[in-house]
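Peer 1: Residue numbers (the numbering used here): 45 to 546. Note that the Cβ used here is the ideal one computed from N, Cα and C, for glycine as well. Note that the structure is a prediction, hence the values are computed from the model and not measured. The following block contains the structure, expressed as structure tokens.
Structure follows, in structure tokens:
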């Protein structure tokens, strides 16, 4: 066995990075099998029973567990259940000297990769372990992907300290575990899709599909087919059977956006699905049952549409079980700096651009703009600024023209609301940066102090006065930053802890 393992360096190298946990109360089995596995190049730990194995799993990282069934304290099937509940990316092989069909079926149902009987044959265990480790690689990748999805679409990814948003977060936590239908209302761009995904990823359905459908973007004649599917020949162009979105979301969540655009005929069929979780594909008599949670969203006031007889009253009451009202961005102005910094961090990471933050004038402009496109418009504006700016900080000049025009129009004087560098202009001499005004002789060192101080202050504020991060973003030495802060009197604000070491 040693010769065979060593003749394939690639196999030994891969095995060396693999850790196995062997669980058996028979010392003879433990000694012989662990020696064989080590000769194969695997790292092997051993445990005498399931309780000991659970302790070792909590302290170490394993790719594969090989366990006996009949053991004192905690048996192999109980250990298998614990691993599947708490270590879903670990593969389990079950071995026993008392093999029965019933035990094998039960072990496989509980998630065991394979069920082997003693005595263990070398070639059989070698091949089985190789197959199991391939399965473990897939499980690990799937587990990592789910973690990444959770980070991307989880509630923690949604920025907001406004009390309206905090109430929404509490509501999401409260309804996530249930099957309750949720209706979200709010203007376009307020983040309804993100909230829907957050509900799904915090629910027991998180491992199942999340299917999003924009009802407003699908022609009325095709919406029923899109959601419920159709059979071949049911209408012109139906050249094959098609599975609908409701069936695709079986066990998971379906998010129906812009439900206000649904036709009266479709509303009737949707009402039945919500009440019975049953439907028939277009052109079929076969009734399909699904276990699908439904989340809906509307960018119009459905109660008003009901009063105007444009939306069915019975459907409105059926979907309005839990209503989450997402406020427009202009009603949560305190979140604009938080959202702006979050988008800036995301976009600089994606583009590789070195942009440290926003000038006070730029942030003031963004606070004063009404953002009719809400959070989506804000993100697009910052993306544009990150791509176009040639400065370390985003200035008003980098923002979209409609932002500048709208703020200027709302200014009482009707004139320029702000200049790109404040009232003193880029040279700090009161000129406003007008290139046609007579130049005032000023030492270069003094001339650049104003803009430099402003850039340092804005970057420090953007990073909550974390001097290490600020120095890295400005591409200067940390000691140099300290000296400049001292020179310009930029002391840490009173009551604010230094986060540079965090």
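(1) Expressed to the nearest angstrom, what Euclidean distance is found between the alpha-carbon atoms of residue 426 and residue 357?
(2) Tell me the DSSP bridge mates of residue 249?
(3) For the 8 angstroms Cβ check, are there 3 or more pairs between the region 413-423 and the region 239-250?
(4) Have a look at 229, 281, 301 and 278 and flag the residue whose alpha-carbon is nearest the alpha-carbon of residue 257.
(5) If you run the structure through DSSP and keep just helix, strand and coil, what is residue 367?
(6) Residues in the same chain with beta-carbon distance under 8 angstroms from residue 525, minus the five sequence neighbours each way, listed in chain order, please.
(7) Helix, strand or coil for residue 340 per DSSP?
(8) Alpha carbon to alpha carbon, how far is residue 322 from residue 279?
(9) Within 10 Å of its beta-carbon, does residue 274 have 16 or more other beta-carbons around it, so buried, or fewer, so exposed?
(10) Jot down the residue ranges of each uninterrupted beta strand (DSSP E) in the region 124-153, minimum 3 residues, whole runs only, in chain order.
(11) Here's a check: name, in chain order, each residue in its chain whose Cβ is nearer than 6 angstroms to the Cβ of residue 260, leaving out the five neighbours to either side.
(12) Based on Cα-Cα distance, which residue from 112, 269, 220 and 238 lies nearest to residue 250?
(13) Pull up the distance between the alpha-carbon of residue 109 and that of residue 63, whole angstroms please.
(14) From 135, 229 and 521, pick the residue whose C-alpha is nearest to that of residue 364; which is it?
(15) Only counting the same chain, and skipping five residues up and downstream in sequence, which positions put a Cβ closer than 8 angstroms to that of residue 74?
(16) Determine whether the beta carbon atoms of residue 157 and residue 137 lie at a separation below 8 angstroms.
(17) Helix, strand or coil: which one does DSSP assign to residue 54?
(18) Would DSSP call residue 301 helix, strand or coil?
(19) Mind checking whether residue 164 and residue 77 have CB atoms under 8 angstroms apart?
(20) Closest to residue 433 by CA distance: which of 402, 255 and 96 is it?
(21) What residue from 315, 331 and 354 has the CA that sits closest to residue 338's CA?
(22) Between residue 233 and chain C, is there a C-beta pair that is closer than 8 angstroms?
(23) Measure the alpha-carbon distance for residue 3 versus residue 291 and round it to whole angstroms.
(24) Taking the alpha carbon of residue 548 as the reference point, which residue from 419, 79 and 395 has its own alpha carbon closest?
(25) Out of 308, 270 and 293, which one is the CA nearest neighbour of residue 282?
(26) Alpha carbon to alpha carbon, how far is residue 313 from residue 336?
(27) For residue 264, which residues from the same chain have a beta carbon less than 6 angstroms from its beta carbon, with the 5 sequence-adjacent residues on both sides left out?
(28) Near residue 170, what residues of its chain come up, given a Cβ to Cβ distance below 8 angstroms and the 5 sequence neighbours on each side ignored?
Peer 2: Checking against the coordinates, here is how it stands:
(1) C-alpha separation (whole angstroms): 41 angstroms.
(2) Answer is none; residue 249 lacks a bridge partner.
(3) In this structure the region 413-423 does not lie against the region 239-250, because fewer than three pairs of beta carbons, one per stretch, are closer than 8 angstroms.
(4) Considering only alpha carbons, the answer is 301.
(5) Note: residue 367 maps to strand in three-state DSSP.
(6) Within the same chain, 500, 511, 514, 515 and 518 come within 8 angstroms of residue 525 by CB-CB distance, once the 5 residues on both sides are set aside.
(7) Correct three-state label for residue 340: strand.
(8) Cα-Cα distance, rounded: 22 angstroms.
(9) With 16 or more other Cβ atoms within 10 Å, it is buried.
(10) Counting only runs of at least 3 residues, the region 124-153 fully encloses the following beta strand (DSSP E) elements, listed from N- to C-terminal order: 135-140.
(11) Take residue 260, set aside five residues on each side of it, and the residues of its chain with a beta-carbon closer than 6 angstroms to its own are 302 and 305, in chain order.
(12) Nearest of 112, 269, 220 and 238 to residue 250, Cα basis: 220.
(13) The alpha-carbon separation between residue 109 and residue 63 amounts to approximately 9 angstroms.
(14) Nearest C-alpha to residue 364 among 135, 229 and 521: 229.
(15) Excluding sequence neighbours, residue 74 sits near 66, 68, 90 and 92.
(16) It is a contact, given that the beta carbons lie within the stated cut-off.
(17) Annotation note: pLDDT 39 at residue 54 (below 50); position unreliable, coordinate value reported separately. For residue 54, the three-state secondary structure derived from DSSP is helix.
(18) In the three-state reduction of the DSSP assignment, residue 301 falls in the strand class.
(19) Result yes, Cβ atoms of residue 164 and residue 77 sit closer than 8 angstroms.
(20) The shortest Cα separation from residue 433 among 402, 255 and 96 belongs to 402.
(21) Minimum Cα distance to residue 338 is reached at 315.
(22) Checking the listed chains, one finds no chain C in this structure; it contains a single protein chain.
(23) This structure cannot speak to residue 3, because the chain is shown only from 45 to 546.
(24) Residue 548 cannot be examined here, being either before or after the span of the chain that is shown, 45 to 546.
(25) Minimum Cα distance to residue 282 is reached at 270.
(26) Residue 336 has its alpha-carbon roughly 15 angstroms from the corresponding atom of residue 313.
(27) Result list for residue 264: 307, in chain order.
(28) For residue 170, same chain residues with a beta-carbon under 8 angstroms away, outside a window of 5 residues either side, are 84 in chain order.
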